[in-house]
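Notes to accompany the following structure.
There are 2 protein chains.
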Amino acid sequence: MPRKRATHSSSDSPEQPLSLKSLADYLSLSPATVSLVMNRSPAAASIPRKTQERVRAAARRFNYRPNFLARSLRRQRSFTLGVVVPEISEGYAALVMSGIEDYLLREGYFSLVVCHRHRPDLLEEYPKILLGRAIEGLIAVDTPLERKLPVPVVAVSGHRIIPGVTNLVLNHRRAAGLAMEHLHALGHRRIVFIKGQEFSSDTRVRWSAIRDAARHLDLRVAPELVVQLQGDVPSSELGYHVTQELLARGEKFTALFAFNDIAAIGAIRALREAGLSVPGDISVVGFDDIQSAAFQNPALTTVRQPLRKMGEIAATTLLSRIANPADTSYPKEIMVEPEMVVRASTCQARSLSR
Amino acid sequence: MPRKRATHSSSDSPEQPLSLKSLADYLSLSPATVSLVMNRSPAAASIPRKTQERVRAAARRFNYRPNFLARSLRRQRSFTLGVVVPEISEGYAALVMSGIEDYLLREGYFSLVVCHRHRPDLLEEYPKILLGRAIEGLIAVDTPLERKLPVPVVAVSGHRIIPGVTNLVLNHRRAAGLAMEHLHALGHRRIVFIKGQEFSSDTRVRWSAIRDAARHLDLRVAPELVVQLQGDVPSSELGYHVTQELLARGEKFTALFAFNDIAAIGAIRALREAGLSVPGDISVVGFDDIQSAAFQNPALTTVRQPLRKMGEIAATTLLSRIANPADTSYPKEIMVEPEMVVRASTCQARSLSR
DNA sequence: GATGTCTAGTAAAACGATTTATTGCGCGAA
DNA sequence: TTCGCGCAATAAATCGTTTTACTAGACATC
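These protein sequence lines map, in sequence, to chains A and B.
Numbering-wise (the working numbering), the first sequence opens with residue 16 and increments by one.
Numbering-wise (the working numbering), the second sequence opens with residue 16 and increments by one.
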């Protein structure tokens, strides 16, 4: 925002932003009048239609746009939300963000996005900085929030109960049930579970849901078949390594249920390299249904989370909470439903060959 | 940003934001003094160390944070950039954005991200709206810009020459050369090319580079083997369809070079479904090297673009241009180099079996 | 005693809007 | 003639900073 523009407006586009005052001067009106008209304020009722038209015509002609900073300062509203994600370039967060943007932009809101990469200092600092930037609300995606904030918050897959926070969660009980029933129905009895990283908000809840589902099906969860992702890069590397180790230990199993599709894809690679066929020898179930899941080879059987929709719900919920700040009856939890997507990475279990 | 906080600060975190004036009152100093001290302004030289300490101590104690809106309004700086992308949840843009964020946040800048989904009205409108939000500069990723903007602009894979715009481009000549030499060296002579969508900025440049490379290698580009992606969703669907059609026409070829990895993955699926083996019958080369490329089955041979690095370069370039607004000697074009990543989706050509 | 130089700050004007209270003015009614 | 009222607008305060120009006192110098 240079103070002085070096060149004159070349031609049609008047690039020198024009203030309300200049516009008022040009119209021989006061800034107050122009402002009232532009904002269609009820106080403008007494201003004759003719003048109103004159004002609007001039505004169009000079392409007047109110200075955002000044307006926000005065109204104490920024039409800006904060979005905190662990990592932008990752399927999960990107899809949720996409859903958020979709809706926000329609409503004239913008979002400031930050990613914390699980660094505790950033996790602590970012919400504060965003508040300093006058955000009116915050969406935290797969991000553990520590404290209450002075603005409405929606946490996508946050599982802590914090005052002022609406938790948007998947029905993990149902998700686990769907996957487990699918594997069970195919005759799988020795199933590997790849748990999520410790820092991932869903890890704990999902794991507990899986164990419940197993119990319900009379399926024993063998401790030696339970492994956990380690490391904070969002890469199939992690699922690959953990599966390699499992194979190196000589464990026997017929199916594998991964924490997410990314990990499942890595696991498949490890299985193949060990000479095992998927799904011939081992059935694999992923989680999330990221865009590439359908185009894996074999196409991935997975539990779909409606990620984009979750972003949209988060945005609408937050905006309506912002619109009614006094209302304390906002939802504390919103649950969305998963969907089992059966593709080609699972099939009938054969007897344990290894 | 509710005007009145309903509840008192519960305990330790003083959530009621405190103004410079209140702080000054508390200290029995003028706002001016406090401001000078807080900003470590050279004009604060005459203020004794002791007073300075007193001010800073109080600021810490009350957790004072200058109001962003007021400060920006006064200084005419927003420490905010605009980022325009076609689509957030897409490998290419997400990686570039990730690189941008990485660097920006370190520098105290934030970014407002919008996605236009190739809608012409949004393409026209968004830069204006962002300007209204007082952005100091703009990064356009794979987005055709129409007009000159009153702020510095960096276009990632923009190929138009517009005053005030720094174009950050891949060395497409080299990229095409690498891929073509690779295929040529493996003995491939009949190669399918999947061109990018018309709206994608790289499409034209890359295609021209490919033809040049072919000529250089004495390789004929058969028109019947050239197809183009249609549709604006970032899905492997597109590559799948176009390849299916090609196969339905009964074309014969031994290799396929796709516009991007996403399309290559779709193409592979279509080839397999037609009973062809990759790379046994058909070698496939992708482009970009998205995160999942290495974990495809077969692992994808592809031309890597340093996407994350491109984001970083875009951000540093833009910030340095913002820091020196008068300097007209900024780079008009920055070129980054591709890298050939040979994996398992290409191999020696066999004689044409079909 | 007049002048100059430091020191330690302050007053006040921006920045560009929004909004409340107020002001002439013309006109009909008492 | 005076009062009240609707009309058409405006003046001025405000949002919370930043920044330039200024001041009041203390001390030193000529």
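Note that CB positions come from ideal geometry on N, CA and C, so glycine has one too.
- In this structure Val-242 of chain A touches Ile-209 of chain A by the C-beta definition: roughly 6 Å separates them, less than 8 Å.
- In the three-state reduction of the DSSP assignment, Gln-31 of chain B falls in the coil class, being assigned neither a helical nor a strand state.
- Those residues of the segment 260 to 279 of chain A placed with their C-beta closer than 7 Å to a C-beta in chain B do not exist.
- Rounded to whole angstroms, the gap between the alpha carbons of Arg-162 of chain A and Gly-179 of chain A is 10 Å.
- Between Glu-252 of chain B and Gly-281 of chain B a beta carbon distance of about 6 Å is seen, short of the 8 Å cut, so the two are scored as contacting.
- Listed in chain order, the beta strand (DSSP E) runs fully inside the segment 22 to 91 of chain B amount to none, counting runs of at least 3 residues.
- Inter-segment contact for the segment 141 to 150 of chain A and the segment 80 to 87 of chain B is present: three or more beta-carbon pairs are separated by less than 8 Å.
- DSSP, reduced to helix, strand and coil, places Val-293 of chain B outside both helices and strands of the structure shown, so it counts as coil.
- Closer than 7 Å to the CB of Glu-161 of chain B there is not a single CB belonging to chain A.
- Cβ-Cβ distances below 7 Å link Leu-333 of chain B to Leu-96, Gly-152, Ile-154, Pro-167 and Val-169 in the same chain, with the five nearest sequence neighbours on each side left out; the list follows chain order.
- In the structure shown, Val-257 of chain A falls within a helical segment according to DSSP collapsed to helix, strand and coil.
- Non-local beta-carbon contacts of Leu-127 of chain B in its own chain, meaning distances under 8 Å to residues more than five positions away in sequence, involve Thr-95, Leu-96, Gly-97, Val-98, Leu-145, Arg-148 and Ile-150 in chain order.
- In the DSSP assignment, Met-355 of chain B forms a beta bridge with B:Val-318.
- When C-alpha distances from Arg-134 of chain B are compared across B:Glu-116, B:Pro-159, B:Glu-122 and B:Tyr-118, the shortest belongs to B:Pro-159.
- The closest CA to that of Glu-102 of chain A, considering only B:Glu-102, B:Gly-114 and B:Gln-91, is found on B:Gly-114.
- Between Ser-360 of chain A and Pro-321 of chain A, the CB-CB gap reaches or exceeds 7 Å.
- Taking 7 Å as the cut-off between beta carbons, the residues of the segment 106 to 124 of chain B near chain A are Ala-109, Leu-110, Met-112, Ser-113, Glu-116 and Leu-120, in sequence order.
- As for any alpha helix (DSSP H) of minimum length 4 sitting wholly inside the segment 212 to 265 of chain B, the runs are 216 to 231 and 252 to 263, ordered along the chain.
- Contact note: Cys-130 of chain A reaches chain B through Ser-113, Glu-116, Asp-117 and Leu-120, using a C-beta cutoff of 9 Å and chain order.
- Per DSSP, the beta bridge partners of Asn-182 of chain B are B:Ala-170 and B:Glu-348.
- According to DSSP, Thr-95 of chain A shares a beta bridge with A:Phe-125.
- Out of A:Arg-189, A:Gly-290 and A:Glu-348, the CA that lies nearest to the CA of Asp-227 of chain A is found in A:Arg-189.
- Each residue's CA atom was taken as its position, placing Phe-77 of chain A and Ala-341 of chain B some 26 Å apart.
- The beta-carbon separation of Arg-336 of chain A and Phe-310 of chain B, rounded to 40 Å, does not stay under the 8 Å limit for a contact.
- Its chain contains Val-300, Val-357, Arg-358, Ser-360 and Thr-361 as the residues whose beta carbon lies nearer than 6 Å to that of Thr-316 of chain B, once the 5 sequence neighbours on both sides are disregarded; these appear in chain order.
- Think of a sphere of 8 Å around the beta carbon of Arg-148 of chain A: the chain B residues whose beta carbon falls inside it are Phe-83 and Phe-125, in chain order.
- Counting along the chain, Ala-194 of chain B sits inside the alpha helix (DSSP H) bounded by residues 187 to 200.
- For the options A:Ala-329, A:Ile-225, A:Lys-36 and A:Ala-270, the alpha carbon positioned closest to that of Arg-205 of chain A is the one of A:Ala-270.
- Between the segment 322 to 329 of chain B and the segment 105 to 123 of chain B, the count of Cβ pairs shorter than 8 Å is three or higher; the stretches touch.
- Residue range 135 to 147 is occupied by the alpha helix (DSSP H) that includes Asp-136 of chain B.
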